[in-house]
Amino acid sequence: IFPHSQGIDKMQRSNVTFVVEFILQGFSDLPNFRRLLFGIFLVIYMNILIGNGLLIVLTKINPALQTPMYFFLGNFSFLEICYTSVTLPKMLIDLWTQKGNIPFLSCAFQTCFLYILGVAECLLLAVMAYDRYVAICKPLYYPIIMNHKVCVQLVIASWITGIPVLIGLTYQIFSLNFCGSNKLNHIFCDAPPLLEVACGDTYQKELSVHVAALFFVMIPFLLILISYVKIITTILKLPSTSGKSKAFSTCSSHLMVVGLFYGSGSIVYLRPKSSHSAKSDKVFSLFYTIVTPMFNPIIYSLRNKDVIAALKKLIPK
Numbered sequence: 002i003f004p005h006s007q008g009i010d011k012m013q014r015s016n017v018t019f020v021v022e023f024i025l026q027g028f029s030d031l032p033n034f035r036r037l038l039f040g041i042f043l044v045i046y047m048n049i050l051i052g053n054g055l056l057i058v059l060t061k062i063n064p065a066l067q068t069p070m071y072f073f074l075g076n077f078s079f080l081e082i083c084y085t086s087v088t089l090p091k092m093l094i095d096l097w098t099q100k101g102n103i104p105f106l107s108c109a110f111q112t113c114f115l116y117i118l119g120v121a122e123c124l125l126l127a128v129m130a131y132d133r134y135v136a137i138c139k140p141l142y143y144p145i146i147m148n149h150k151v152c153v154q155l156v157i158a159s160w161i162t163g164i165p166v167l168i169g170l171t172y173q174i175f176s177l178n179f180c181g182s183n184k185l186n187h188i189f190c191d192a193p194p195l196l197e198v199a200c201g202d203t204y205q206k207e208l209s210v211h212v213a214a215l216f217f218v219m220i221p222f223l224l225i226l227i228s229y230v231k232i233i234t235t236i237l238k239l240p241s242t243s244g245k246s247k248a249f250s251t252c253s254s255h256l257m258v259v260g261l262f263y264g265s266g267s268i269v270y271l272r273p274k275s276s277h278s279a280k281s282d283k284v285f286s287l288f289y290t291i292v293t294p295m296f297n298p299i300i301y302s303l304r305n306k307d308v309i310a311a312l313k314k315l316i317p318k
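This is how it looks when you write it as structure tokens:
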């Protein structure tokens with residue numbers, strides 16, 4: 002019995018191919034548009050770096066922007082640069098070289114940092130909503146509640162809260178056996194395409210991804226929702242029309258960013274597996290990893306008089 006079972010075990014192990022690298026297929030189905038896509042994504046990346054970098058500089062050097070709201074905005078802009086830099090430079094290299102090879106460990110690091118920064122973004126958006134809630138609903142207590150120490154603590158908490166869980170989740174995903182194809186039909190390393198090429202039962206790992214997404218995406222979203230329900234209720238009670246429009250204008254920029262980021266992210270991670278398609282996943286992934294960071298400085302600068310005034314001081318006419 003024992004020699005026979007050992008022989009079967011050896012045969013099973015010999016059939017398992019240990020993956021040392023993955024191939025990101027990216028835009029391989031559009032070979033004639035690679036150079037054009039490279040140009041578009043390069044311009045987008047430069048806009049993200051310059052636009053968000055400019056917001057960071059403005060919030061640091063301009064005295065009028067030394068408030069909690071702009072402190073969070075500066076940190077959010079830095080986070081956007083980091084978040085985009087996890088995926089976009091690799092995409093640009095793949096488009097230019099027409100190769101999508103990524104070592105196993107590099108793929109794991111990309112996935113891990115993507116999740117850590119993505120969760121930090123969700124939490125920071127919730128913190129920014131709470132800041133607006135305190136400013137509009139409790140204006141007299143605003144300087145006391147949102148003092149500098151509290152602001153720093155909230156930013157640090159946003160950055161580090163998800164780290165242990167997300168490192169564990171990444172380890173779970175990459176501890177799977179990848180005995181089939183090493184081709185990922187995606188633009189970067191992510192759980193859905195990785196689980197597709199894994200062999201064996203991946204149900205528990207898929208469940209872990211969905212639970213983590215629900216916990217770290219939906220809880221901040223619910224906090225944002227509660228904050229804005231209270232904000233809108235307070236605004237509607239204001240006597241003057243000018244007061245209402247001013248209060249709404251300070252929140253509208255944040256709401257637009259929340260809508261773009263959460264809308265596209267939720268479609269990728271929270272919809273049923275049966276409704277997934279590689280093309281739609283790529284498009285929605287571009288939205289929350291590239292489009293939102295690109296529009297963040299545009300939304301905040303065009304709809305904010307303080308930022309426009311600071312820009313005019315910084316850039317000579």
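In the numbering used here, the protein residues as written are 2 to 318.
Cβ coordinates follow ideal geometry from the N, Cα and C atoms, glycine included.
Given the structure is predicted, the values throughout are model-derived calculations rather than measurements.
Check: Going straight from the alpha carbon of A121 to that of H187, what length do you get?
Finding: 23 Å
Notebook entry, point to check: Among the residues of its own chain, which have a CB less than 8 Å from the CB of L196, if the five just before and after it don't count?
Noted result: Once the five neighbours on either side are set aside, the close Cβ partners of L196 are I174, L177, T203, K206, E207, V210.
Note to self: Check whether the segment 55-68 and the segment 103-121 touch, using three or more Cβ-Cβ pairs below 8 Å as the test.
What the structure shows: no
Check: Between which two residues does the alpha helix (DSSP H) containing I41 stretch?
Finding: 35-62
Notebook entry, point to check: Are the CB atoms of V128 and L167 nearer to each other than 8 Å?
Noted result: no
Checklist line | I103 in three-state terms, based on DSSP | finding: Strand at I103.
Item checked: For L25, the first and last residue of its enclosing alpha helix (DSSP H) -> Premise fails: L25 lies in the beta strand (DSSP E), 22-25, not in any alpha helix (DSSP H).
Notebook entry, point to check: Where does A136 land, buried or exposed, given buried means 16+ other C-beta within 10 angstroms?
Noted result: Per the 10 Å Cβ criterion, buried.
Note to self: Determine whether the beta carbon atoms of M295 and N76 lie at a separation below 8 Å.
What the structure shows: no
Note to self: For a test of the three-state rule: what should DSSP assign to L31, helix, strand or coil?
What the structure shows: coil
Notebook entry, point to check: Which residues in the same chain as H255 place their Cβ atom closer than 7 Å to its Cβ, once the five residues preceding and following it in sequence are excluded?
Noted result: M129, A130, R133
Item checked: Among K238, F285, C108, K247, the one whose alpha carbon lies nearest that of L1 -> Only positions 2 to 318 of the chain appear in this structure, which leaves residue 1 out of reach.
Check: For D191, does the count of other Cβ atoms within 10 angstroms reach 16, so buried, or fall short, so exposed?
Finding: buried
Note to self: Could you pull the DSSP bridge partners for L185 from this structure?
What the structure shows: L25
Margin query: I'd like to check one pair, P221 with L115: are the Cβ atoms closer than 8 Å?
Written below: no
Check: Alpha carbon to alpha carbon, how far is L38 from A109?
Finding: 25 Å
Next item on the list: With DSSP as the reference, label N76 as helix, strand or coil.
Entry: helix
Note to self: Contact between the segment 91-103 and the segment 49-65 is defined here as three or more beta-carbon pairs at a separation below 8 Å; is this criterion met?
What the structure shows: no
Next item on the list: Could you have a look at N297 and say whether DSSP puts it in helix, strand or coil?
Entry: Of the three classes helix, strand and coil, the one that applies to N297 here is helix, per DSSP.
Check: Whole alpha helix (DSSP H) runs in the segment 89-175 with 4 or more residues, listed along the chain?
Finding: Segments of the alpha helix (DSSP H) lying fully in the segment 89-175: 105-138, 143-146, 149-161, 164-175.
Checklist line | Rounded straight-line distance, which links the Cα of A214 to that of C138 | finding: 30 Å
Next item on the list: Report back the beta-carbon spacing between Q26 and K280 to the nearest angstrom; my notes put them in contact at under 8 Å.
Entry: With a contact defined as Cβ atoms closer than 8 Å, Q26 and K280 miss out at about 11 Å.
Next item on the list: Work out the CA separation of F217 and L226 for me, nearest whole Å.
Entry: So the alpha carbons of these two residues sit roughly 15 Å apart.
Item checked: Residues near K152 by beta carbon distance below 6 Å, same chain, minus five either side -> The displayed chain sequence assigns Cys, not Lys, to residue 152. Within the same chain, C152 has close Cβ partners P69, F72.
Margin query: Can you find the residues in the same chain that come closer than 7 Å, C-beta to C-beta, to I45, ignoring five residues on each side of it along the sequence?
Written below: I291, M295
Next item on the list: From the DSSP output, in three-state form, read off C83 for me.
Entry: helix
Next item on the list: Using 10 angstroms around the beta-carbon of F34, count the other beta-carbons present and answer buried if the total reaches 16, otherwise exposed.
Entry: exposed
Notebook entry, point to check: Grouping DSSP H, G and I as helix and E and B as strand, with all else coil, what is L224?
Noted result: helix
Notebook entry, point to check: Do P240 and N53 have their C-beta atoms closer together than 8 Å?
Noted result: no
Note to self: Under DSSP, the alpha helix (DSSP H) around P240 begins and ends at which residues?
What the structure shows: Looking at the DSSP string, P240 is not in any alpha helix (DSSP H), and its letter there is neither H nor E.
Note to self: Given this structure, state the Cα-to-Cα distance separating D30 from W97, to the nearest angstrom.
What the structure shows: The straight-line gap separating the alpha-carbon atoms of D30 and W97 is approximately 15 Å.
Check: Starting from Q67 and walking both ways along the alpha helix (DSSP H), at which residues does that stretch end?
Finding: Taken as a continuous stretch (DSSP letters only), Q67 belongs to no alpha helix (DSSP H), as it is neither H nor E.
Next item on the list: On a CA-only basis, which of G40, S246, A199 is nearest V20? Give me that one, please.
Entry: A199
Next item on the list: Ignore the nearest five residues each way along the sequence and tell me which others in Y301's own chain have a CB closer than 7 Å to its CB.
Entry: L56, L74, S254, V308
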